[in-house]
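Below is one structure, written out as structure tokens; comments come after it.
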Amino acid sequence: MDRGEQQNWIKLNVAGTHFMVSRTTLARLPDSFLYKLCIEDSGFTGGKDETGAFLIDRNPKYFDTILDFYRHGQLFMDKNLSEDGVLEEAKFFNLPGLCELVEQKKRHMKKLMSPDRVKYKAIKVHLNMDLSTMIKDIPDGWIIDSYFHVARTTILILSQKVTDDSDRDDS
89 MDRGEQQNWI
99 KLNVAGTHFM
109 VSRTTLARLP
119 DSFLYKLCIE
129 DSGFTGGKDE
139 TGAFLIDRNP
149 KYFDTILDFY
159 RHGQLFMDKN
169 LSEDGVLEEA
179 KFFNLPGLCE
189 LVEQKKRHMK
199 KLMSPDRVKY
209 KAIKVHLNMD
219 LSTMIKDIPD
229 GWIIDSYFHV
239 ARTTILILSQ
249 KVTDDSDRDD
259 S
């Protein structure tokens, strides 16, 4: 690597783990901590290790995700990483775009992980009632979950999935 190429690369020591990233990559996000770290006139007075790498006291297991955001503008996150951990690092490095992507992922995962809630309703139907009339009278969104006969009556058990935005009582 010639001198010009070397000057384009920044060495980072994140809690003992070394990373290299180009100035060009960091310049994609000029308001971020790492970009301000690498420009000479930023006034940053942080320390450097014996190799000249900037010392950064953060968790290195999240740092690949941070650098990938600089490189691609997207969230690439290992399954074993905590969304809250990535969010904290994104805040520290002043990456609001990454913060928003993590928040979107958290909302999406919450929606996927929340169990379906179901509400039930029992309807008593006399045996002499016409089946088509009975089915026609079932409110929208309700389905026949089960039924059983008691004496001369049929009991229908109806169910309806409940979502956060449709938690209403349809009678």
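Add 88 to the 1-based position in the sequence shown for the numbering used here, that's all there is to it. Think of the CB as a built atom: it goes at the ideal place given N, C-alpha and C, for glycine as much as any other residue.
For Q248, count neighbouring C-beta atoms within 10 Å of its own C-beta (all shown protein chains included) and say buried if the count is 16 or more, exposed if not.
The sequence position of residue 248 within the sequence shown is 160, counting from 1. That one is buried.
According to DSSP, is K167 helix, strand or coil?
Indexing the sequence shown from 1 puts residue 167 at position 79. K167 falls in the coil class under three-state DSSP.
Residue burial classification, V238 (beta-carbon count within 10 angstroms, cutoff 16)
Residue numbering aside, residue 238 sits at position 150 when the sequence shown is read from its first letter. Counting every other CB atom within 10 Å of its CB across the protein chains shown gives V238 a total below 16, marking it as exposed.
The stretch 208 to 215 contacting the stretch 150 to 166, beta-carbon criterion three pairs below 8 angstroms
No: the two stretches stay apart, fewer than three of their Cβ pairs being nearer than 8 angstroms.
Between the stretch 113 to 125 and the stretch 175 to 183, are three or more C-beta pairs nearer than 8 angstroms?
Segments in contact, yes.
Could you compute how far the alpha carbon of E176 sits from the alpha carbon of K99?
If you number the sequence shown from 1, residue 176 lands on position 88. If you number the sequence shown from 1, residue 99 lands on position 11. Rounded to whole angstroms, the separation of the alpha carbons of K99 and E176 is 22 angstroms.
What residue does the beta strand (DSSP E) around F236 start on, and which one ends it?
Translated into positions along the sequence shown, residue 236 becomes position 148. Secondary structure note for F236: its beta strand (DSSP E) is the uninterrupted segment 231 to 238.
On a CA-only basis, which of A103, G134, C126, R159 is nearest R146? Give me that one, please.
Counting from one through the sequence shown, the residue named residue 146 turns up at place 58. When the alpha-carbon of R146 is set against those of A103, G134, C126, R159, the nearest one is in A103.
I need the DSSP call for I223, collapsed to helix, strand or coil.
As a first step, residue 223 must be located in the sequence shown, where it is residue number 135. Three-state DSSP puts I223 in a helix.
Length of the line joining the Cα atoms of L200 and L169
Here residue 200 is taken as the residue at index 112 of the sequence shown, counted from 1. Here residue 169 is taken as the residue at index 81 of the sequence shown, counted from 1. Rounded to whole angstroms, L200 and L169 show a C-alpha spacing of 18 angstroms.
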